[in-house]
Structures are given as structure tokens and as C-alpha cells.
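In mature numbering (1 follows the signal peptide of the UniProt record, and there is no 0), the protein residues as written are -22 to -1, 1 to 220. One structure is given here, and the rest of the page talks about it.
Rendered as C-alpha cells:
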């Protein structure tokens, strides 16, 4: 008797396509901070028998013997056995952390812009699922700057330094912020990424966006007061404010 085995599970990396996902053989999910990829592989045969309403087990009736094969073209009888998936594997992928800097470094003046920059780019993380290669690509889509004084700003870019922009210190930029009062503040940034997974047969979009903290920086905001004097500090080192 010929036995045909049907493996109801993921057996290769290239099998994790839309059809395999729809069948529940593999999954791609977004936790908000990482991409989780899971898959199943066959182990043993399915369970024996069903379950009665009272919770007891009942044995399946024995199968009737197949009819005798008398035709000259008969290829024999066969049965079909479905192997249930019993092994699982999960791979987790997260974007790399992006640096976050402020200008001037750690010190600002009330009412004057401080510049904030975070540098994030397209990058890939590689891993394995059942010892098969999987790659996830992360692409930054937008940025949020949280300035620590109750205000924040969304930006399409991570900003650029004053030197890169060719501007003087304390110039306003697309990601700068001016603090209204002196004090100590903690500024942070978040990078939003879109993700794609590749099992060897092309890129598959991962639903949703991932929000990854870029870091934090502590700022000291001070007042600057001016006064009219008759001499500079070089001329009179003991003068007011010198």
C-alpha cells in the first residue's frame, strides 16, 4: 500500500509567502519595537480519535479493507496521512539605535534656538529561522523630537548640524527649539521605521511602523543678561560681569 505524506507546515524559507501566512504556517508581526517572524515544521502524525461530549475519548472505527485491485492498470491502493506541525521557531529583529545630539553641547540660552539632530538610515538585520536565512530591512519614515518642556515636533528628516547647513550657532532649523525658561531639561527623539522581510524570494512589507528611541540628552538652559559698561573685560578685568 502506498502512503502519501502531506506536510502541513513551513519546510523552507521561500515557503513563507502570502499563501503560507494565510494558512497559519508562518507569521510576520510588528510589536511596535521589533519584527517577530515565526514558523512551524512537521513533527509526528495527528492525534488518534476524537472527543465525546462528556470528555471521554472515543476510538475511531477501523477502516474497511480496500477492494481488491483487479484492473490491469491498477496502481494499487493508497492512504493519505497528514503530518501536523509540532515544531515552532521565532526570530526577532529590531532596528539599530540612532545617535542623538544637541547643539551647542548640553547648554542653551533662554529664547535662543538649540539644534537637535538624529542620524538614522536604511539598514538590514539578518537572522535565521529553522537554520534558514531571513533578512529584515528597516527604513526611517519620520522622526519625533520631544524637547522636555511639554513640547514636541514631528519631522520628515532627522535634522542637520549648523555646520552642514552653513549657518551660525543659535540659528533656527527644521528641528531646533527655543526654551522659554531657564532650567534643566531632558530632550529625546524617536525614529519611526517601516520594515520589510525577505525569505529569499523578494521583500514582504511588514504591517505598521516601529517606534525606536534614538536616545536622550540633558540640557542646561541659562539666562544671559547684558549691561552697558564703559570698558571691555580685556580693558578692565574687574569690571561688571568679568
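Every residue gets a Cβ at the ideal spot worked out from N, C-alpha and C, and that includes glycine. Treat the numbers as computed from the prediction; the structure is a model and nothing was measured.
Option nearest residue i by Cα separation, candidates the options
{"i": "residue 140", "options": "99, 174, 91", "result": "91"}
{"i": "residue 82", "options": "204, 146, 107", "result": "146"}
{"i": "residue 78", "options": "109, 137, 16", "result": "137"}
{"i": "residue 6", "options": "150, 179, 175", "result": "175"}
{"i": "residue 72", "options": "156, 9, 213, 178", "result": "9"}
{"i": "residue 94", "options": "181, 132, 207", "result": "132"}
{"i": "residue 167", "options": "217, 194, 156, 15", "result": "194"}
{"i": "residue 225", "options": "104, 88, 86, 202", "result": "Residue 225 cannot be examined here, being either before or after the span of the chain that is shown, -22 to 220."}
{"i": "residue 117", "options": "128, 213, 160, 97", "result": "97"}
{"i": "residue 100", "options": "214, 135, 179", "result": "135"}
{"i": "residue 108", "options": "212, 214, 18", "result": "18"}
{"i": "residue 221", "options": "110, 156, 191, 115", "result": "In the structure as shown, the chain starts at -22 and stops at 220, and residue 221 therefore has no counterpart that could be examined."}
{"i": "residue 87", "options": "149, 128, 124, 214", "result": "149"}
{"i": "residue 102", "options": "181, 216, 155", "result": "181"}
{"i": "residue 110", "options": "178, 160, 169, 186", "result": "178"}
{"i": "residue 123", "options": "204, -7, 191", "result": "191"}
{"i": "residue 159", "options": "89, 4, -7, 80", "result": "89"}
{"i": "residue 157", "options": "186, 200, 121", "result": "200"}
{"i": "residue 121", "options": "-7, 185, 169", "result": "169"}
Cβ-heavy atom distance, residue i to the ligand NAD, below 7 Å
{"i": "residue 195", "result": "Judged by which ligands are present, the structure shown has none, so any question about the ligand NAD falls away."}
Residue i, DSSP secondary structure in three states
{"i": "residue 98", "result": "coil"}
{"i": "residue 143", "result": "helix"}
{"i": "residue 173", "result": "strand"}
{"i": "residue 88", "result": "coil"}
{"i": "residue -3", "result": "helix"}
{"i": "residue 207", "result": "coil"}
{"i": "residue 8", "result": "strand"}
{"i": "residue 237", "result": "This structure gives no information on residue 237, because the portion of the chain shown stretches from -22 to 220."}
{"i": "residue 37", "result": "The pLDDT assigned to residue 37 is 47, lower than 50, so where the model puts this residue is not dependable; a value taken from the coordinates is nonetheless given after this. Residue 37 falls in the coil class under three-state DSSP."}
{"i": "residue 163", "result": "strand"}
{"i": "residue 80", "result": "strand"}
{"i": "residue 156", "result": "strand"}
{"i": "residue 69", "result": "strand"}
{"i": "residue 104", "result": "strand"}
{"i": "residue 74", "result": "coil"}
Proximity of residue i and residue j at Cβ, strictly below 8 Å
{"i": "residue 70", "j": "residue 12", "result": "yes"}
{"i": "residue 112", "j": "residue 106", "result": "yes"}
{"i": "residue 298", "j": "residue 218", "result": "Residue 298 lies beyond the range of the chain shown here (-22 to 220); nothing can be said about it."}
{"i": "residue 143", "j": "residue 153", "result": "no"}
{"i": "residue 196", "j": "residue 155", "result": "no"}
8 Å contact criterion, which residue i and residue j should meet: CB distance rounded
{"i": "residue 163", "j": "residue 126", "result": "4 Å"}
{"i": "residue 84", "j": "residue 198", "result": "6 Å"}
{"i": "residue 188", "j": "residue 173", "result": "6 Å"}
Complete runs of the beta strand (DSSP E) confined to the stretch 176 to 202 [at least 3 residues]: Whole beta strand (DSSP E) segments, 3+ residues: 181 to 200.
Go through the stretch 107 to 153 residue by residue and report every complete run of the alpha helix (DSSP H) that reaches 4 residues or more, in order. Segments of the alpha helix (DSSP H) lying fully in the stretch 107 to 153: 140 to 143.
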